[in-house]
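Residues in the sequence shown are numbered consecutively from 3, following the numbering used here.
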Amino acid sequence: MNAVRIAVIDDWQDVASDVVDWSPVSAIAQVDFLPDYPASTEQMIARLAPYQVICVMRERTPFDAALLRGLPNLKLLVTGGMRNAALDIQTATTLGIQVCGTDSYKQAAPELTWALLMAMTRNLVAETASLRDGGWQIGLGGDLHGKTLGILGLGSIGQKVAQYGQVFGMRVIAWSENLTHERAAAAGVTWVSKQELFEQADVLSVHLVLSERSRGLVDRQALAWMKPSAMLVNTARGPIVDEAALVEALVANRLAGAALDVFSQEPLPPEHPFRRLPNVLATPHVGYVTANNYRLFFSQMIEDILAWHAGQPIRLLA
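Structure (structure tokens):
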């Protein structure tokens, strides 16, 4: 038996074994692919106890202190991307577990953001359903040209979404706590205050990193500032938006609609209102789930494992 055992978990689509060639690690390890959803800490410990290396996908499975302490064989934790809020990196470091990441394909999330925005604007899901059911046109689509696109967080993803908006003839405004007039202007975007962002946006798209500062930032007050005709798009992280407040606004039609790819709890509970509200377009956190991104994630996970095994770890997060 090989000296090292590797578990590739969170492979919900069961594609990890085929999307890249894992043979480079076959000489040093046995690789097992585990596509199960996250379970209880006790179940995860029983499932993962034999493994020295675990490859995880973004924030799918929380590796908190209790889970990490229950895995005494674990030496290396590898995540897709260079940021994973579900990993207790401080505890991992204390336990002598190295944590490595990978690069990300930078186009995936902005492209999904724009796909959701356009589908919501033109009511495409309902129109497609009508056609499949034997019907025809059922409503009026909205328009983007001349409307205002608000960007909450003008980082690398926010800037790409802003560029899409500009191509479609939209006025683009932005705000975040660290954004300056100069940085906004350099991206061809108008800086506004937080309240002005929510008040003026016809479409408000969230592109902040989740932190204690951004958690719950889109709260009842912010949603109350928005026009009843406005739409909210969130492809960043679920907890940035107060979900209870958003549900209330959507139920009361104080907001025209929401297009959401991220949620406070994932997978989304079966009875969650976002699964049934008619003014919600929801997707199961697929913003980063593309062929290019997965090829990059898993190929660099293999590089991380080989470098760690050689005693020269790369892309260390801890």
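Yeah, the Cβ is synthetic: ideal placement off N, Cα and C, and Gly gets one too.
Under a Cβ-count criterion, where at least 16 other Cβ atoms within 10 Å of its own Cβ denotes burial, should Leu-181 be classed as buried or exposed? Translated into positions along the sequence shown, residue 181 becomes position 179. Leu-181 should be labelled buried.
At 3 residues or longer, what runs of the beta strand (DSSP E) sit wholly inside the stretch 179–244? DSSP runs (the beta strand (DSSP E)) wholly in the stretch 179–244: 205–208 and 233–236.
Beta-carbon spacing of Leu-97, Asp-263 below 9 Å: To locate residue 97, count along the sequence shown from 1; it is residue 95. To locate residue 263, count along the sequence shown from 1; it is residue 261. By the CB criterion at 9 Å, Leu-97 and Asp-263 fall outside the cutoff.
Residue burial classification, Ala-251 (beta-carbon count within 10 angstroms, cutoff 16): The count along the sequence shown starts at 1 and reaches residue 251 at position 249. Answer is buried; the Cβ neighbour count reaches 16.
Applying the criterion that 16 or more other CB atoms from any shown protein chain within 10 Å of the CB defines a buried residue, is Ile-140 buried or exposed? Stepping through the sequence shown from its first residue, residue 140 is reached at position 138. Classification for Ile-140: exposed.
Go through the stretch 93–139 residue by residue and report every complete run of the beta strand (DSSP E) that reaches 3 residues or more, in order. If you keep only unbroken beta strand (DSSP E) runs of at least 3 residues inside the stretch 93–139, you get 100–102.
Buried or exposed (CB count within 10 angstroms, at least 16 for buried), Ser-178: Reading the sequence shown from its first residue, position 176 is the one you call residue 178. By the neighbour-count rule (16 or more Cβ atoms within 10 Å), Ser-178 is buried.
So, do the stretch 213–223 and the stretch 164–176 have three or more beta carbon pairs nearer to each other than 8 Å? Verdict: no, contact absent.
Just how far apart, CA to CA, sit Met-122 and Ala-51? Working through the sequence shown from its first residue, we reach residue 122 at position 120. Working through the sequence shown from its first residue, we reach residue 51 at position 49. Distance between the alpha carbons of Met-122 and Ala-51: 44 Å.
Does DSSP put Val-34 in a helix, a strand or coil? Here residue 34 refers to the residue found at position 32 of the sequence shown. In the sequence as displayed, the identity of residue 34 is Asp instead of Val. Reduced to three states, the DSSP call for Asp-34 is strand.
Where Ala-338 and Gly-72 are concerned, what is the direct C-alpha to C-alpha distance, given to the nearest angstrom? Nothing about residue 338 can be read from this structure; the chain reaches only from 3 to 320.
Using DSSP's beta-bridge definition, name the partner residues of Ala-29. Counted from its first residue, the sequence shown places residue 29 at position 27. In the DSSP output, where bridge partners are listed per residue, Ala-29 has none listed.
So Leu-69 is in the alpha helix (DSSP H); what residue range does that whole segment cover? Looking up residue 69 in the sequence shown gives position 67. Unbroken alpha helix (DSSP H) run through Leu-69: 67–71.
Locate the beta strand (DSSP E) running through Leu-146, then write down its first and last residues. One-based indexing of the sequence shown puts residue 146 at position 144. Here Leu-146 belongs to no beta strand (DSSP E), and DSSP marks it neither H nor E.
Where Met-3 sits in the DSSP three-state scheme: Position 1 of the sequence shown holds residue 3. With a pLDDT of 43 at Met-3, under the threshold of 50, the modelled position of that residue is not reliable, and the figure given next carries that caveat. Under the three-state reduction of DSSP output, Met-3 falls in the coil class, being neither helix nor strand.
In the DSSP assignment, find the unbroken alpha helix (DSSP H) run with Ile-316 in it and report its ends. Translated into positions along the sequence shown, residue 316 becomes position 314. That residue, Ile-316, is in no alpha helix (DSSP H); it is neither H nor E in DSSP.
Is it the case that the Cβ atoms of Glu-268 and Arg-62 are separated by a distance below 9 Å? Stepping through the sequence shown from its first residue, residue 268 is reached at position 266. Stepping through the sequence shown from its first residue, residue 62 is reached at position 60. In this structure, Glu-268 lies near Arg-62, with their beta-carbon atoms less than 9 Å apart.
Under DSSP, the beta strand (DSSP E) around Arg-173 begins and ends at which residues? Residue 173 sits at position 171 when you count from the first residue of the sequence shown. Arg-173: member of the beta strand (DSSP E) spanning 173–177, first to last residue.
To the nearest angstrom, how far is the alpha carbon of Ala-68 from that of Ala-312? As a first step, residue 68 must be located in the sequence shown, where it is residue number 66. As a first step, residue 312 must be located in the sequence shown, where it is residue number 310. Their Cα atoms are separated by approximately 29 Å.
Could you give the first and the last residue of the continuous beta strand (DSSP E) run that contains Leu-79? To locate residue 79, count along the sequence shown from 1; it is residue 77. 78–81 is the extent of the beta strand (DSSP E) around Leu-79.
Select from Ala-232, Thr-81 and Ala-258 the residue whose C-alpha is nearest the C-alpha of Ala-316. For the purposes of this step, residue 316 is identified with residue 314 of the sequence shown, where counting begins at 1. Note that residue 316 is Ile in the sequence shown, not Ala. Among Ala-232, Thr-81 and Ala-258, the Cα nearest to that of Ile-316 belongs to Thr-81.
Proximity below 9 Å, CB of Gln-161 to CB of Ala-189: Here the question's residue 161 lines up with position 159 in the sequence shown. Here the question's residue 189 lines up with position 187 in the sequence shown. Yes, the Cβ-Cβ distance between Gln-161 and Ala-189 is below 9 Å.
Counting along the chain, where does the beta strand (DSSP E) carrying Gly-259 start and finish? The count along the sequence shown starts at 1 and reaches residue 259 at position 257. In the DSSP assignment, Gly-259 falls within the unbroken beta strand (DSSP E) covering 259–262.
Distance, Asn-86 Cα to Glu-198 Cα: The residue given as residue 198 occupies position 196 in the sequence shown. The residue given as residue 86 occupies position 84 in the sequence shown. So the two alpha carbons sit approximately 31 Å from each other.
Ile-8 and Met-59: beta carbons closer than 9 Å? Reading the sequence shown from its first residue, position 6 is the one you call residue 8. Reading the sequence shown from its first residue, position 57 is the one you call residue 59. No. Outside cutoff.
Using the Cα positions of His-209 and Leu-156, report the straight-line distance between them to the nearest angstrom. Looking up residue 209 in the sequence shown gives position 207. Looking up residue 156 in the sequence shown gives position 154. His-209 and Leu-156: Cα-Cα distance of roughly 7 Å.
Rank Glu-44, Val-27, Cys-57 and Thr-43 by C-alpha distance to the C-alpha of Phe-299 and give the top, closest one. Position 297 of the sequence shown holds residue 299. Ranking Glu-44, Val-27, Cys-57 and Thr-43 by Cα distance to Phe-299 puts Cys-57 first.
Asp-13 (DSSP reduced to helix, strand or coil): Counted from its first residue, the sequence shown places residue 13 at position 11. Asp-13 sits in coil when the DSSP states are folded into three classes, being neither helix nor strand.
Alpha carbon of Arg-124 to alpha carbon of Asn-255, nearest angstrom: Taking the sequence shown and counting its residues from 1, the one referred to as residue 124 is at position 122. Taking the sequence shown and counting its residues from 1, the one referred to as residue 255 is at position 253. Cα-Cα distance, rounded: 18 Å.
Would you report the Cα separation of Trp-193 and Gly-103, rounded to the nearest angstrom? In the sequence shown, residue 193 corresponds to position 191, counting from 1. In the sequence shown, residue 103 corresponds to position 101, counting from 1. The alpha-carbon of Trp-193 is positioned some 33 Å away from that of Gly-103.
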